[in-house]
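Chains as they are written, first to last, in our numbering: chain A, 1 to 566; chain B, 1001 to 1566.
Comments concern the structure below.
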């Protein structure tokens, strides 16, 4: 029996080929067939924006192995002994007879594929918003290599012309850079009030907004596109929103993706209620024990909340493929879930996140503290030291990280990986303080940024150092509350950049102990500095001197996401 | 009582000031005094090679806060309310009376400092090997800012002249780069057979050796300096080794450091037998419960073996300082130990390590497997993707990482931090396969390099894919064993670079299934490719076809640390 085991894989991009290849490596005698409705197999979907940007010159590079071999049907047969049928669309599945009914889209020929185990790796599909004019020439979606070729060809002749991107998510931001690199004027229109809206809190998104502006991308937040307008010849001319009109020679609609569940639904497989994606257990098994599913078509377990989430990622799809292959070959592998890590580069700026945002932690009912810690990613005496800002959201009860967001021109990815591994390992934020990370001046400060952030969290959890977030201080200002916003930086720093408010008072930290008579004990005092290390020390000094109403401004002036005088 | 608590700190570089500052933040009423025998406080000792290189222009930058304030006695008094006595040498301690007896080195005045808690943060001292001529002018050691100023001044006029470094450890390598940047001819002489000898295994050290050569540093391994020769005027002229003679206009002796234990020994505190450093418990307490010690003068707990190790690191010293402050202030903090992480940059090459080397794992009696996994640090279609090589040593029984070494021009630090956190978290190597790391093409492949290495480890632990290390294959060649070294790369790759041995046979992987008659079943076959993914697939194919004696060459030709034809 073992020798004749048949596995059919529907979907040939990431999870499918990964599972197929591993099954053949584990059990060479298994007969594996992959069907793919498109032409191309195993392509790097995440690389498409970089092809549009011209950074990847030839689109074939997106489909080759690192040594330059194209992964076509012949490659899969000769190298992996996997049967690949591309241009083949799965029409239906008879779960009782265990047969996949497919059709060759070129010839119309019917194909019947019996299976012992079936793998659904059918991916996702971009969302199509109900906007009039979305079918006009020049309006694009981005999913396949073909899509990216079309966009690059069109945009190649649009130097100096207008590109509009609908949606400021990960793809929208990457393509904004690509369009800028093609020499276009770029506008990004986003329905929510911040870029990467549900992935970031305002203090972090603020820095991304600044970076978009600094690179001459016009970012319109809280604005909804209502119509895409025709030039009279069937091409896009402009976009109308609820707030204005924007000329457009090319448009990309990037408002997210949805799991492909047509087949799964027709087959009667269980679908996740909140996610709309295929439900799988820890073995990546659907509600039919002979059918596995993985990649962008399934939901994941959120490691923080234990609830299902939909987080389509190429990195996760590969992990799913491996777990599916193991289970089909009798190895008891589990996929435990994800905290939801993501990262995005925009020119020289990096922004990453994992776990819950503060907004989400609040709505989930967690009792939490937050940390905002900006500092250079290397010792300040190393020439290419660059700023990164770390935000932590920490559960007060368990002392575990609920989420982390890191942004800046510096090395964000390295610290985000540490945060993600901390969460996945079930460790507490205070464990980070003990991490023996790789230290030498070209790589990090002696106390790595993430260790500093963890130390601040530990202080706060232990009741040392209480702070306001920038959002809270702004609310107090807007409510006309009476307090002293105590700037403890130097006169020179103050002159270079300061918060413009009548509550601001400057007393450099070195003079604070001798200037206490200038600070009434009955008034609330909110000290801060550049990054709020001195702000924290001021808080400790004042508390030590018997001041009762002192909380420092978290993150200092660097993390103040509102107007500043410079 | 609490209000009058007195803390004395001996040593003002890293651990000492850190502990002092935190004590003041936690308990502002504590009286804290720091004594330091030198002039300078809180300087960045790890930055000295970068000052010599000219990358740090002004040595003051090594002593300032990130906002440019020099941390002198006045700074500590005004900002931190800490009393600092520099130029003050601790002579002895009366542990019964709890008094430190010190002397001002400038005036000779005696100083008596009573304490409730004492902190020894007296650091380390470079080792002075018993070489004749080491006191000659031009022969240097590197520990203080003064040392680095002297070396930079001397080397400033030595463009085109000869520098010799004794010792190819972390400092030796960093200063080799610094001397090259100053325009000198650089020779590094190392007693052991590889650079960073006890920190790396041969397959990884090999790439560091190549990098030194590629940057015109003459590396002499397994060679011992016997004499430093005089030019007749009291200056260095050349070095004599057991193998030759080298002209030298400047010499740096960098053969490691030893903990400063003079005072601790005289006080009768317990000293670690194997390390020769001060013994402390998890609270950083010495054998006298009122005396704490931290930084480069203490031993650490090796998290892998549970045995004491001596691993002086600036990053660890800061952590010690924090734990000491906590315990003195009544917070029950522990320092659990370190796996021994270290990283070094040499021009555009990075090398990092944590845990045990293979050599050490063997001598400790572990039953282990190893993985050698080379791959680009980003998808191959991203232009600045660069190679990194990961070596794992994994305990066969617990499936835990015993050690990791990573080297290459790519992003080594990021993966090393993940490996270190994995070890510190007590997780297994197979947990790495599940890590939801920050993925986007500018940052990593969809399956991050470290996940690939973990997957290979898991395969090996499960009995899928057996391999030989390069060292083992070289031994078989040297023993004239009969086997086929099966290169499964393309003809083109073969022509660009190949292993020069009569056992080598080329059959590209795509043709392997149809060329089985060329491979006798009774002969041992060792397949390999560029990185040995195809080598592994060849092994799976041959094993599936009934070949019994097949093991692939781990790491492929990229990790082959011996002669190659190019």
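No residue lacks a Cβ here, since even glycine has one placed at the ideal position from N, Cα and C.
Computed from a predicted model, the values in this text were never measured in an experiment.
Host beta strand (DSSP E) of residue i (start-end)
| i | result |
| --- | --- |
| residue 229 (chain A) | 225-230 |
| residue 1083 (chain B) | 1083-1085 |
Reduced DSSP secondary structure (H/G/I, E/B, other) of residue i
| i | result |
| --- | --- |
| residue 2 (chain A) | Here residue 2 (chain A) scores only 46 on pLDDT, less than 50, and its place in the model should not be relied on; the value that follows carries that caveat. Three-state DSSP puts residue 2 (chain A) in a helix. |
| residue 1122 (chain B) | coil |
| residue 422 (chain A) | helix |
| residue 515 (chain A) | coil |
| residue 456 (chain A) | helix |
| residue 587 (chain A) | One cannot answer for residue 587 (chain A) here, as it falls past the ends of chain A, which runs 1 to 566. |
| residue 261 (chain A) | coil |
| residue 75 (chain A) | helix |
| residue 1310 (chain B) | coil |
| residue 1272 (chain B) | coil |
| residue 407 (chain A) | strand |
For residue i: DSSP bridge partner residues
| i | result |
| --- | --- |
| residue 1192 (chain B) | Answer is none; residue 1192 (chain B) lacks a bridge partner. |
| residue 1185 (chain B) | B:1162 |
| residue 567 (chain A) | Absent from the model: residue 567 (chain A). The displayed extent of chain A is 1 to 566, so no value can be given. |
| residue 1030 (chain B) | Looking at the DSSP assignment, residue 1030 (chain B) forms no beta bridge with any residue, so it has no partner. |
| residue 1132 (chain B) | B:1227 |
| residue 483 (chain A) | A:524 |
| residue 569 (chain A) | The structure shown does not extend to residue 569 (chain A), since chain A spans only 1 to 566, so no value can be given for it. |
| residue 70 (chain A) | A:64 |
| residue 501 (chain A) | None; residue 501 (chain A) has no bridge partner. |
| residue 1368 (chain B) | B:1395 |
Contact check, residue i vs residue j, beta carbons under 7 Å
| i | j | result |
| --- | --- | --- |
| residue 110 (chain A) | residue 88 (chain A) | no |
| residue 1553 (chain B) | residue 1525 (chain B) | no |
| residue 1382 (chain B) | residue 1412 (chain B) | no |
| residue 280 (chain A) | residue 298 (chain A) | yes |
| residue 1470 (chain B) | residue 1203 (chain B) | yes |
| residue 1043 (chain B) | residue 1145 (chain B) | yes |
| residue 1269 (chain B) | residue 1241 (chain B) | no |
| residue 1007 (chain B) | residue 1023 (chain B) | yes |
| residue 556 (chain A) | residue 531 (chain A) | yes |
| residue 367 (chain A) | residue 396 (chain A) | yes |
| residue 1609 (chain B) | residue 1300 (chain B) | Nothing about residue 1609 (chain B) can be reported from this structure: the residues present for chain B run from 1001 to 1566 only. |
| residue 172 (chain A) | residue 254 (chain A) | yes |
| residue 48 (chain A) | residue 142 (chain A) | yes |
| residue 429 (chain A) | residue 394 (chain A) | yes |
| residue 417 (chain A) | residue 1032 (chain B) | no |
| residue 93 (chain A) | residue 284 (chain A) | no |
| residue 1036 (chain B) | residue 1012 (chain B) | yes |
| residue 46 (chain A) | residue 294 (chain A) | no |
The alpha helix (DSSP H) enclosing residue i, as first and last residue numbers
| i | result |
| --- | --- |
| residue 495 (chain A) | 491-496 |
| residue 49 (chain A) | 48-52 |
| residue 1429 (chain B) | 1429-1432 |
| residue 355 (chain A) | Unbroken run through residue 355 (chain A) is the beta strand (DSSP E), 349-355; no alpha helix (DSSP H). |
| residue 1101 (chain B) | First-last for residue 1101 (chain B): 1099-1104, but that is the beta strand (DSSP E), not the alpha helix (DSSP H). |
| residue 1242 (chain B) | Looking at the DSSP string, residue 1242 (chain B) is not in any alpha helix (DSSP H), and its letter there is neither H nor E. |
| residue 145 (chain A) | 145-156 |
| residue 343 (chain A) | Looking at the DSSP string, residue 343 (chain A) is not in any alpha helix (DSSP H); the run it does join, the beta strand (DSSP E), is 342-346. |
| residue 220 (chain A) | Looking at the DSSP string, residue 220 (chain A) is not in any alpha helix (DSSP H); the run it does join, the beta strand (DSSP E), is 217-221. |
Do the stretch 433-442 of chain A and the stretch 1314-1327 of chain B touch if we need at least three Cβ pairs shorter than 8 Å? Result yes; three or more Cβ-Cβ pairs closer than 8 Å.
If contact is defined by three or more beta carbon pairs under 8 Å, each pair taking one atom from either stretch, is the stretch 365-376 of chain A in contact with the stretch 152-171 of chain A? no
Is the stretch 235-249 of chain A touching the stretch 148-162 of chain A in the sense that three or more CB pairs, one from each, lie closer than 8 Å? yes
May I ask you to verify whether the stretch 1355-1366 of chain B touches the stretch 1042-1060 of chain B, counting CB pairs closer than 8 Å and requiring at least 3? In the pairwise beta carbon analysis, the stretch 1355-1366 of chain B is classified as not touching the stretch 1042-1060 of chain B: fewer than three pairs are separated by under 8 Å.
Does the stretch 342-351 of chain A come into contact with the stretch 210-227 of chain A, if we say contact requires no fewer than three beta-carbon pairs (one atom in each stretch) closer than 8 Å? yes
Just checking, does the stretch 421-431 of chain A make contact with the stretch 1415-1429 of chain B on the three C-beta pairs under 8 Å criterion? yes
With a cut-off of 8 Å, do at least 3 Cβ pairs link the stretch 63-71 of chain A to the stretch 168-186 of chain A? no
Flag this pair as touching only if the stretch 12-29 of chain A and the stretch 119-138 of chain A have three or more C-beta atom pairs under 8 Å; answer yes or no. yes
May I ask you to verify whether the stretch 222-235 of chain A touches the stretch 190-199 of chain A, counting CB pairs closer than 8 Å and requiring at least 3? Counting Cβ pairs under 8 Å, three or more are found: they touch.
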